[in-house]
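K.L.:
Handing you a structure now.
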Amino acid sequence: MKNSALILLVLFLVISCKPNGKKGEQLFTLLPSSSTQVDFKNQLTENEQFNIIEYLYFNNGAGVAAGDINNDGLVDLYFTSNQGPNKLYLNKGNMKFEDITESAGVAGSGNWKTGVTMADVNGDGLLDIYVCQVGKYKSLKGKNQLFINQGNLTFKEEAHKYGLDFQGFSTQAAFFDYDGDGDLYMYLLNHSVHTSRSYGDVSLRYDHDSLAGDRLYRNDLVDGKRVFHDVTQDAGIYNSQIGYGLGINVCDINNDGYPDIYISNDFHENDYLYINNKNGTFSEHLTDFIGHTSRSSMGNDIGDINNDGLLDVIVLDMLPDEEKIRKQSGGEDDYELFMFKRKYGYNYQFVRNTLQLNLGGGMFSEIGLLAGVFSTDWSWSPLFCDVDNDGWKDLFITNGIYRRANDLDYVKFLTGGNRNLPSKDNSILSDKELYEKMPLYPNISHIFKNNGDLTFSDKAKEWGINTRAFSNGSTYADLDNDGDLDLIVNNINGPAFIYRNNETTTSANHYLSVVLKGKGMNTRGIGARVTLFCGGQKQTDEQFPTRGFLSATSDVLHFGLGKNAKIDSLLVKWPDLSEQMIKDIAADQTLTLDIMYAAKQERVVHKDEEKTKLFSPVSIPGLVFKHKEDEWVDFYRERLIPHSLSSEGSALAVGNFRIRLQDLIKSILNTLISEVKP
């Protein structure tokens, strides 16, 4: 009897502790295309005429944009396809979508599409779609396309009419108002390909290139019509052949009320950080703000990871997190090449993700290793987004490269075993023989939980992100309006992913969604900054949808609130520097903010914008000294030494040297006398 009673008690406890219903779900569920009806696939076709050998960015993938194209309160999705037709899916509710590409007229022409963003370009209150392409290169002939929303679920392609039908190496575009006058301008991010003109010192960035190099377009009213004009050179934007642009983010990095621009460049060129001069021009200040960056900079995102009101920067690279893959992959430059780039004027660059913590006053501290996000393999799109609604921005990173060109076995195959003096002639090999030697390795994307202490924990497996793929562009949006952010991913040679977020059914965390209504041509309030005060902390977010890699997010801002069911106050600063404060806001709702209720404020410089440095340089007469290190390199003698010990600089001693003159003379005399004694 005692044993039977004990067994019944154990069974009761087990049943009682077992999660009921949806409480046992993982945070994310990958929905099948049979359920969502989103059947998009970015299918690549390699052939002898066009492949990664012929075009180095052949396997970079394509993008996805999220936005409500018909203002019905449901976020729709637009996917770009490198070689096939683009697809537009209308959100029908309950995570069901309808493919309206053909009827909407947005499949697009051109044979290589890349990035996509949405914006109300003509100021009519409807989202338009801008698609980037590659053209005037070998067999590629596409031009960038602008699909103007007609208000009846159809679009009209009018890029030429608006002056935005650029043809070249386009990557992505971002629409924003850089002078606060209510008009939307456009920054066009372009990339390059390797040519003899791409190599040299940093003076190359002052060249101008007709196909590569970025562009800045100003929106002007001409004879009653809106036309974009190229103001790149007048505005101080580089547009040379060494601009291998892969990531763009517009943000107010220095909290002065004017949008700045961060550009991540692949290969040897520095990233760019353009600071807004508030007069229609920009100045590039990356090396003044940031000490070192990623080397093969890919996608980037900018957000406030520690809730201090200062925006932080993440840029992705290609350092594998799996030990086996890391050992099989090419890594940092040889020491000689690293120093060669430095002598040519390029910044310190390293093969790993970098997370730049904004300290204010133009100072950043790179904390990628401390935060635990420095190594995520061949990564593309980073997105800061609070997926668990705890009030801290988490980090989603897409991952995977179709054909690993840096695989060391492949390098050995190409060179015959000697990278410096290749002994193998590959001219007789076909492109197919070359690219098929590159290994295929689909990978799992990463989702990091923000721990609230400048560190992140990888929760991919625990949260349900566990499907291997070649994932590239990505975005987030609350697709089913349930108060949590869902994830959408564009994959190479595989179906697109839609991850449903189950947070609202698995926890009691609260949220707030914010819709912004601007004025003039900026109907969506692009450039507005919202600061939310709740539970003894503040959160900051900005309305700049283009972010990540080749993609754009929904223009509905999302805030997780944790266990707080009420917001103390919310401050919104609009692009024209007007402000409005709202207090005592209930959680778990969509709040609409309209600029018409804002009041113009005198610009107040906040303390965190004017943080003074703890130390400042002082010149002391008689102590002007500059140490010049010799050219000895420890690595030449010992290749495995972790650090160069011979270049740590000269010694420095500090002490109190004050001594009375008579004591000094007495000491000298005593020394002389002792030396002459027999």
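Straight run, no breaks: the sequence shown in my numbering ends on number 1218.
Every residue, glycine too, gets a C-beta built ideally from N, C-alpha and C.
The structure displayed is predicted, hence computed values, not measured ones.
According to DSSP, simplified to helix, strand and coil, what is Gly932?
P.N.:
Counted from its first residue, the sequence shown places residue 932 at position 392. First, the amino acid is wrong: residue 932 is Trp here, not Gly. Three-state DSSP puts Trp932 in coil, outside helix and strand.
K.L.:
Alpha carbons only, please: which of Ile987, Lys653 and Gly601 is nearest the one belonging to Ile937?
P.N.:
Start at 1 with the first residue of the sequence shown, and residue 937 comes out as number 397. Taking Ile937 as reference, the option from Ile987, Lys653 and Gly601 with the minimal CA-CA separation is Ile987.
K.L.:
Looking at the secondary structure, which residues open and close the beta strand (DSSP E) in which Phe1234 lies?
P.N.:
No statement about residue 1234 is possible, as the shown extent of the chain runs from 541 to 1218 and does not include it.
K.L.:
Among the residues of its own chain, which have a CB less than 7 Å from the CB of Asn846, if the five just before and after it don't count?
P.N.:
Here residue 846 is taken as the residue at index 306 of the sequence shown, counted from 1. Cβ within range, chain order: Leu994.
K.L.:
Can you tell me whether Thr576 is helix, strand or coil according to DSSP?
P.N.:
Indexing the sequence shown from 1 puts residue 576 at position 36. Looking at Thr576 - three-state DSSP - the assignment turns out to be helix.
K.L.:
Check Thr569 in the structure and name its three-state DSSP category.
P.N.:
Locating residue 569 in the sequence shown gives position 29, where the first residue counts as 1. Looking at Thr569 - three-state DSSP - the assignment turns out to be strand.
K.L.:
Put Ala911 into one of helix, strand or coil per three-state DSSP.
P.N.:
Looking up residue 911 in the sequence shown gives position 371. The DSSP-derived three-state label of Ala911 is helix.
K.L.:
Which of helix, strand or coil does DSSP assign to Asn1062?
P.N.:
As a first step, residue 1062 is located in the sequence shown; it is residue number 522 there, counting from the start. In this structure, Asn1062 counts as strand in the three-state DSSP scheme.
K.L.:
Thinking C-alpha only, which one of Glu594, Ala699, Asp579 and Glu809 is nearest Gln889?
P.N.:
Locating residue 889 in the sequence shown gives position 349, where the first residue counts as 1. When only C-alpha atoms are compared, the closest one is Glu809.
K.L.:
Which word fits Lys653, buried or exposed, when buried means at least 16 other C-beta atoms lie within 10 angstroms of its C-beta?
P.N.:
Counting from 1 along the sequence shown, the entry for residue 653 is found at position 113. Lys653 is buried by the Cβ-count criterion.
K.L.:
To the nearest angstrom, report how far apart Gly900 and Ile1208 are at their CA atoms.
P.N.:
Here the question's residue 900 lines up with position 360 in the sequence shown. Here the question's residue 1208 lines up with position 668 in the sequence shown. For Gly900 and Ile1208, the distance between alpha carbons rounds to 54 Å.
K.L.:
When the Cα atoms are used, what is the spatial distance from Lys1123 to Ser1109?
P.N.:
Numbered from 1 along the sequence shown, position 583 holds the residue referred to as residue 1123. Numbered from 1 along the sequence shown, position 569 holds the residue referred to as residue 1109. Taking the straight line joining both Cα atoms gives about 4 Å.
K.L.:
What does the alpha-carbon distance come out to for the pair Phe706 and Asn958?
P.N.:
Your numbering for residue 706 matches position 166 in the sequence shown. Your numbering for residue 958 matches position 418 in the sequence shown. The alpha-carbon atoms of Phe706 and Asn958 are separated by roughly 42 Å.
K.L.:
Which residue or residues does DSSP assign as beta-bridge partners of Gln1079?
P.N.:
Along the sequence shown, read from residue 1 onward, the residue named residue 1079 stands at position 539. Per DSSP, Leu1072.
K.L.:
Relative to the C-alpha of Pro982, which residue among Asp917, Ile1125 and Gly648 is closest?
P.N.:
Position 442 of the sequence shown holds residue 982. The option with the nearest alpha carbon to Pro982 is Asp917.
K.L.:
Suppose the cutoff is 6 Å on Cβ atoms and the five residues either side in sequence are ignored; what does the same chain contact list for Pro1035 look like?
P.N.:
By one-based count along the sequence shown, residue 1035 stands at place 495. Cβ within range, chain order: Ser573 and Lys581.
K.L.:
Which of helix, strand or coil does DSSP assign to Ile1107?
P.N.:
Start at 1 with the first residue of the sequence shown, and residue 1107 comes out as number 567. It is a strand residue.
K.L.:
Could you pull out every residue in the same chain whose Cβ sits closer than 6 Å to the Cβ of Ile1181, ignoring the five residues on either side in sequence?
P.N.:
Along the sequence shown, read from residue 1 onward, the residue named residue 1181 stands at position 641. Cβ within range, chain order: Asp1174.
K.L.:
Bridge partners of Lys999, per DSSP?
P.N.:
Your numbering for residue 999 matches position 459 in the sequence shown. DSSP, once it has assigned bridges, lists no residue as partnering Lys999.
K.L.:
What separation, rounded to the nearest whole angstrom, lies between the Cα atoms of Thr1007 and Asp873?
P.N.:
Position 467 of the sequence shown, counted from the start, is the residue given in the question as residue 1007. Position 333 of the sequence shown, counted from the start, is the residue given in the question as residue 873. Their Cα atoms are separated by approximately 32 Å.
K.L.:
According to DSSP, is Asp763 part of a helix, a strand, or is it coil?
P.N.:
Locating residue 763 in the sequence shown gives position 223, where the first residue counts as 1. DSSP places Asp763 in coil when its eight states are reduced to three.
K.L.:
Would you decide whether Asn1030 is buried or exposed? Buried here means 16 or more other CB atoms lie within 10 Å of its CB.
P.N.:
Within the sequence shown, the letter at position 490 stands for residue 1030. Result: buried.
K.L.:
Can you list the alpha helix (DSSP H) stretches of 4 or more residues lying completely in the region 761–795, in chain order?
P.N.:
Correct list: 772–775.
K.L.:
Could you give the residue range of the beta strand (DSSP E) that holds Ala945?
P.N.:
In the sequence shown, counting from the first residue as 1, residue 945 sits at position 405. Premise fails: Ala945 is in no beta strand (DSSP E) and is neither H nor E.
K.L.:
What's the gap between the Cα of Leu813 and the Cα of Asp800?
P.N.:
Translated into positions along the sequence shown, residue 813 becomes position 273. Translated into positions along the sequence shown, residue 800 becomes position 260. One C-alpha to the other measures close to 8 Å.
K.L.:
Is the region 584–601 touching the region 658–673, taking contact as three or more C-beta pairs under 8 Å?
P.N.:
Fewer than three pairs of CB atoms, one per stretch, sit closer than 8 Å, so the region 584–601 makes no contact with the region 658–673.
K.L.:
Could you tell me if Ala1048 is buried or exposed, where buried requires 16 or more neighbouring beta carbons within 10 angstroms of its beta carbon?
P.N.:
Here the question's residue 1048 lines up with position 508 in the sequence shown. Exposed: under 16 other Cβ atoms inside 10 Å.
K.L.:
Starting from the N-terminal side, write out each stretch of the beta strand (DSSP E) that is 3 residues or longer and does not extend beyond the region 832–894.
P.N.:
832–834, 840–843, 852–855 and 888–890
K.L.:
I need the boundaries of the beta strand (DSSP E) containing Glu906, first residue and last residue.
P.N.:
Along the sequence shown, read from residue 1 onward, the residue named residue 906 stands at position 366. Here the beta strand (DSSP E) through Glu906 covers Met903 to Glu906.
K.L.:
Give a yes or no on whether the C-beta atoms belonging to Leu1072 and Ile1032 are separated by under 9 Å.
P.N.:
Position 532 of the sequence shown, counted from the start, is the residue given in the question as residue 1072. Position 492 of the sequence shown, counted from the start, is the residue given in the question as residue 1032. No, the Cβ-Cβ distance between Leu1072 and Ile1032 is not below 9 Å.
K.L.:
Taking all protein chains shown into account, decide if Glu985 is buried (16 or more other Cβ within 10 angstroms of its Cβ) or exposed.
P.N.:
As a position in the sequence shown, residue 985 is number 445, starting the count at 1. It is Ser, not Glu, that sits at residue 985 in the sequence shown. Buried, by the Cβ-count rule.
K.L.:
Quick check on Lys581: does DSSP put it in helix, strand or coil?
P.N.:
Taking the first residue of the sequence shown as position 1, residue 581 is located at position 41. Judged by DSSP in its simplified three-state form, Lys581 adopts strand.
K.L.:
Grab me the residues of Phe715's own chain with a C-beta within less than 6 Å of its C-beta, minus the 5 sequence neighbours each way, in chain order.
P.N.:
The count along the sequence shown starts at 1 and reaches residue 715 at position 175. Once the five neighbours on either side are set aside, the close Cβ partners of Phe715 are Ala659, Leu724 and Met726.
K.L.:
Can you pull the DSSP bridge partners for Glu586?
P.N.:
Your numbering for residue 586 matches position 46 in the sequence shown. None, per the DSSP bridge assignment.
K.L.:
If you follow the beta strand (DSSP E) that His1303 is part of, which residue opens it and which one closes it?
P.N.:
Residue numbering for the chain in the displayed model covers 541 to 1218; residue 1303 lies beyond these limits and cannot be assessed.
K.L.:
Is the beta carbon of Asn600 less than 9 Å from the beta carbon of Leu786?
P.N.:
Locating residue 600 in the sequence shown gives position 60, where the first residue counts as 1. Locating residue 786 in the sequence shown gives position 246, where the first residue counts as 1. Yes, these two residues count as a Cβ contact at 9 Å.
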